[in-house]
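What follows is one structure encoded as structure tokens, with my remarks underneath.
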Amino acid sequence: DTEVTQTPKHLVMGMTNKKSLKCEQHMGHRAMYWYKQKAKKPPELMFVYSYEKLSINESVPSRFSPECPNSSLLNLHLHALQPEDSALYLCASTRQENTEAFFGQGTRLTVV
Amino acid sequence: QQQVKQSPQSLIVQKGGISIINCAYENTAFDYFPWYQQFPGKGPALLIAIRPDVSEKKEGRFTISFNKSAKQFSLHIMDSQPGDSATYFCAASMRAAGNKLTFGGGTRVLVKP
């Protein structure tokens, strides 16, 4: 199983809503990542979890709150987002000693 | 500061032709250089990757050439097919920085039948 599964695939939310994005992998990878990708742009790193601990936060606004409940699961909690936060949110994972990153299909988020 | 510069931004090639995409990096501490292929609405998928101790790596129709002294690397797609039409991203990472990927700006490749 070399898949990173993200749910939901699409999400439309209002600026006052609270929602969560979910990412799951069963490859035994110990590092997991959230990236944000705007149209026609490369992915931009948001957060890195290593062995279930937050190791990198790329100065992401607090309206994005990551959580890593266990080694297979990564969540991104969303609250009070802005329309400019609309983007494709990508989850990725790597084996700690290997840099090959596997990406999920992404969640297309629209903030209205 | 853009640490990985990618060119061209877009590329049109005839079926059977060669697609060439170039990347240049600034940070000599980078130790891993992957290329990703992304189709619309999908996540990036790893195509091929190289480390700086190797000057060339080939996998099927895809070849990476790496020039450490010039801090440049390139992707060659031989015998390009319409199914290769996608956006290609080069990237660089280093273990010392948590393996986080720094992406180039991307190249949209269109292969005409």
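Chain order of the listed sequences is A and B. The working numbering applies: residue 4 is where the first sequence begins, and numbers increase by one. The working numbering applies: residue 3 is where the second sequence begins, and numbers increase by one. Backbone N, C-alpha and C fix where the C-beta goes; we use that ideal spot for every residue, glycine too. Only a predicted model underlies this, so the values are computations on that prediction, with no experimental measurement involved.
Is residue i helix, strand or coil when you go by DSSP?
| i | result |
| --- | --- |
| Ala104/A | coil |
| Pro45/A | coil |
| Pro84/B | helix |
| Pro86/A | helix |
| Arg66/A | coil |
| Arg63/B | coil |
| Ala72/B | coil |
| Arg97/B | helix |
| Tyr54/A | coil |
| Pro46/B | coil |
| Leu103/B | coil |
| Ile22/B | strand |
| Arg98/A | coil |
| Ser57/B | coil |
Between residue i and chain B, is the shortest Cβ-Cβ distance under 9 Å, so that the two count as touching?
| i | result |
| --- | --- |
| Pro72/A | no |
| Gly109/A | yes |
| Val7/A | yes |
| Pro11/A | no |
| Lys44/A | yes |
| Ser58/A | yes |
| Val115/A | no |
Would you please state the rounded distance, in angstroms, between the beta carbons of residue i and residue j? I believe it to be under 8 Å.
| i | j | result |
| --- | --- | --- |
| Asp88/A | Leu57/A | Their Cβ separation, rounded to whole angstroms, is 20 Å, which puts Asp88/A and Leu57/A out of contact at 8 Å. |
| Ser95/B | Tyr34/B | 5 Å |
| Phe68/B | Ile52/B | 5 Å |
| Pro64/A | Leu77/A | That pair is no contact at about 18 Å. |
| Gln108/A | Lys44/B | 6 Å |
| Leu49/B | Val111/B | 12 Å between Cβ atoms; not a contact. |
Between the Cα of residue i and the Cα atoms of the options, which residue gives the shortest distance?
| i | options | result |
| --- | --- | --- |
| Pro117/A | Gln28/A, Met16/A, Pro11/A, Thr19/A | Shown here, chain A extends from 4 to 115; a query on residue 117/A therefore has no answer. |
| Thr97/A | Pro54/B, Ala94/B, Lys102/B, Phe91/B | Lys102/B |
| Lys21/A | Val7/A, Glu55/A, Gln85/A | Gln85/A |
| Val6/B | Leu112/B, Ala99/B, Pro115/B, Ala93/B | Ala93/B |
| Thr103/A | Arg33/A, Leu79/A, Pro11/A | It is Glu, not Thr, that sits at residue 103/A in the sequence shown. Selected option, being the one with the closest Cα: Arg33/A. |
| Ala47/B | Leu13/B, Pro54/B, Trp37/B, Ala98/B | Trp37/B |
| Met16/A | Phe106/A, Cys94/A, Ala95/A, Ala90/A | Ala90/A |
| Ala72/B | Pro54/B, Pro42/B, Pro84/B | Pro54/B |
| Gly107/B | Lys44/A, Cys26/A, Glu6/A | Lys44/A |
Can you name the residues that DSSP bridges to residue i?
| i | result |
| --- | --- |
| Arg110/B | Ser12/B, Thr89/B |
| Asn3/A | The question about residue 3/A has no answer here: the residues shown for chain A are numbered 4 through 115. |
| His32/A | Paired residue(s): none; His32/A is not in a bridge. |
| Pro36/B | Ala51/B |
| Glu6/A | According to DSSP, which records beta bridges pairwise, Glu6/A is partnered with nothing at all. |
| Lys7/B | Ala26/B |
| Val114/A | Met16/A |
When the cut-off is 9 Å and only beta carbons count, does residue i lie next to chain A?
| i | result |
| --- | --- |
| Ser95/B | yes |
| Asn101/B | yes |
| Ala51/B | yes |
| Leu48/B | yes |
| Arg63/B | no |
| Phe105/B | yes |
| Lys44/B | yes |
| Pro36/B | yes |
| Ile108/B | Checking the sequence shown, residue 108/B turns out to be Gly, not Ile. So yes, Gly108/B belongs to the interface. |
| Phe68/B | no |
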